Structure formats: C-alpha cells, structure tokens
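Chains as they are written, first to last, in full-length UniProt numbering: chain E, 1 to 110; chain V, 1 to 110.
One structure below.
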DNA sequence: AATATTTATCGTAATATTGCAATCTAAATA
DNA sequence: TATTTAGATTGCAATATTACGATAAATATT
C-alpha cells in the first residue's frame with residue numbers, strides 16, 4: 001500500500017486536500033508570498049529568493065501549477081508565474097465557512 | 001536528500017505549511033468535516049465514517065493533533081476529539097488577507 | 001476475574017516527496 | 001552561427017507518508 005485512497009472521498013474533499021497539500025511545504029508558501037509581493041510578475045528570480053537549487057524550485061513551481069494555485073505564461077525567454085485567484089478564493093471561502101459554523105456552535109466540549 | 005529544509009524559512013511560513021500539510025490528505029479533510037457535523041464530539045465512530053482501517057484513522061488523527069488542528073480529551077473509555085478553532089482562524093485570516101491583497105492589486109498579467 | 005470495547009503503537013511494505021547534479025530545450029544575444 | 005540565459009527534465013539518493021495486520025494498554029461490562 002502507501003498510496004492515498006482518493007477514490008473513497010468526495011470531489012470537494014479531494015479538491016481541498018490537493019490545494020492544501022500544495023501549500024504543505026514552506027518553500028511553496030514562500031513562493032506564493034513572493035508572488036504576492038512583486039507587483040508585476042516577472043518571476044525569473046524566485047530561485048534567488050529561495051535557499052534551494054534551481055531544479056528544486058522548478059519542481060515546486062510545477063506542483064503549485066498542477067494544484068491550480070499558480071498559472072504561468074511563456075514570455076519569450078522567461079516564464080511569468082502568478083497566483084490563480086480562484087484557488088485562493090476556494091480556500092478562503094472554505095475556511096471562512098468553517099470559521100462561521102464553529103462560531104455559531106460555540107464548542108461545548110474539550 | 002529528501003528532508004524538508006524548514007530552517008531556511010520563516011516561522012510563519014512553516015506554521016502555515018504545517019497546517020496546510022495536515023489538511024493535505026482527503027481522509028483528514030473528511031475527519032475535520034465529520035467533526036464539524038456532529039454536535040457533540042463523542043468521536044468514537046470516525047472509523048465507521050471512513051473507508052480506512054482503525055490504525056490508519058488513528059494515525060491521521062494523530063497528525064491532525066500534532067499540527068494543532070484538533071484537540072482530544074480522554075473521556076473514560078473513549079477520546080473526545082474536536083476542532084481547535086485557533087488553527088482554523090489562522091488559516092482563515094491568512095487566506096482572507098491574501099484574497100484582499102489580490103483584489104486590490106487586480107492582477108495585471110497572465 | 002474474565003471478556004469485550006476503544007484507542008494507540010509497532011512493524012513493515014508500498015509509494016510519494018524532497019533535493020540536487022547533470023543535462024536538455026528554446027529563445028536571446030553577440 | 002556560436003554563446004549565453006532561463007527554465008524544464010532526468011536520474012538518483014535520502015527521507016517521509018500511507019496503509020494495515022498484529023498487538024498492547026486501559027477502561028467498561030458481564
């Protein structure tokens with residue numbers, strides 16, 4: 001065994017897990033924050049921002065892209081990566097929803 | 001290598017990554033949603049809710065607990081697990097913040 | 001006390017992730 | 001055209017995760 005049994009869970013659960021998993025590494029959180037920080041997203045120098053080798057950063061970018069958190073456009077020699085707002089919105093509304101429900105419930109235990 | 005280089009990132013980045021990583025598996029998302037659904041948190045039968053064996057569920061619960069997403073109180077023979085609102089609040093405000101900033105910026109590329 | 005119930009832990013196999021050196025590709029420039 | 005530059009891909013070693021059977025620990029019930 002060892003492989004996640006995705007087929008047993010709902011699409012929504014898998015979708016949230018995929019997004020969360022992509023952010024489950026500090027380098028990828030750092031990449032997202034860097035993409036937030038720079039105004040334009042000429043994002044060639046993410047490598048210089050991170051304490052990781054170029055292939056490693058490239059791999060992290062690929063995972064963020066696969067998860068749908070960022071999108072990238074080829075621009076001549078370089079690639080312009082930027083945050084896909086839709087993914088952030090999904091996460092934001094998911095947690096806001098939980099937060100609201102928890103507030104109403106006012107946990108009567110633990 | 002293969003071990004995450006946590007020491008190179010900020011505490012906040014690592015904190016978000018830890019929470020996100022814990023939610024990076026559909027079973028753990030499902031557990032959180034189940035804990036939301038049940039009013040009281042007599043949580044003995046999470047195993048029956050999930051298509052996973054008891055030791056696997058126990059392990060997932062442990063990870064959620066280590067990440068600070070849930071807390072558990074021993075209660076006689078059973079354990080009462082429930083969501084730790086503080087963790088949800090952290091995630092909620094983190095994504096809300098990003099969402100707001102993105103809205104202001106109105107992405108001028110990609 | 002003996003048995004059942006609930007949850008945790010151990011051990012282990014299968015698989016996935018992390019990280020990087022080396023290499024490749026394609027556009028940019030000399 | 002040769003060279004540089006930006007980024008992806010390959011291959012591999014180290015480590016982590018996922019899953020579960022077997023078993024342990026501790027309370028509950030008979």
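Think of the CB as a built atom: it goes at the ideal place given N, C-alpha and C, for glycine as much as any other residue.
On a predicted model such as this, the values are computed, not experimentally measured, just so you know.
Taking all protein chains shown into account, residue 26 of chain E has 16 or more neighbouring C-beta atoms within 10 Å of its C-beta and is therefore buried.
Between residue 96 of chain V and residue 96 of chain E, the C-beta spacing is below 8 Å. At a Cβ-Cβ threshold of 8 Å, residue 68 of chain V and residue 81 of chain V do not count as neighbours. The distance from the Cβ of residue 102 of chain E to that of residue 88 of chain V is about 6 Å, consistent with a contact at the 8 Å cut-off. In the three-state reduction of the DSSP assignment, residue 5 of chain V falls in the coil class. With a beta-carbon spacing of about 4 Å, residue 24 of chain V and residue 24 of chain E fall inside the 8 Å limit used to define contacts. Under the DSSP definition of a beta bridge, residue 71 of chain E partners with E:82. With fewer than 16 other Cβ atoms inside 10 Å of its own Cβ, residue 3 of chain E counts as exposed. Contact annotation: residue 32 of chain E and residue 83 of chain E have beta-carbon atoms nearer than 8 Å. Residues of chain E whose Cβ lies closer than 9 Å to the Cβ of residue 58 of chain V do not exist, since the nearest Cβ in that chain is about 16 Å away. When rounded, the separation of the alpha-carbon atoms in residue 50 of chain E and residue 93 of chain V is 25 Å. Within the same chain, Cβ atoms closer than 8 Å to the Cβ of residue 86 of chain E are found at 68, the five residues on either side in sequence being excluded. For residue 48 of chain V, the enclosing alpha helix (DSSP H) starts and ends at 46-49. Each residue's CA atom was taken as its position, placing residue 77 of chain E and residue 8 of chain V some 29 Å apart.
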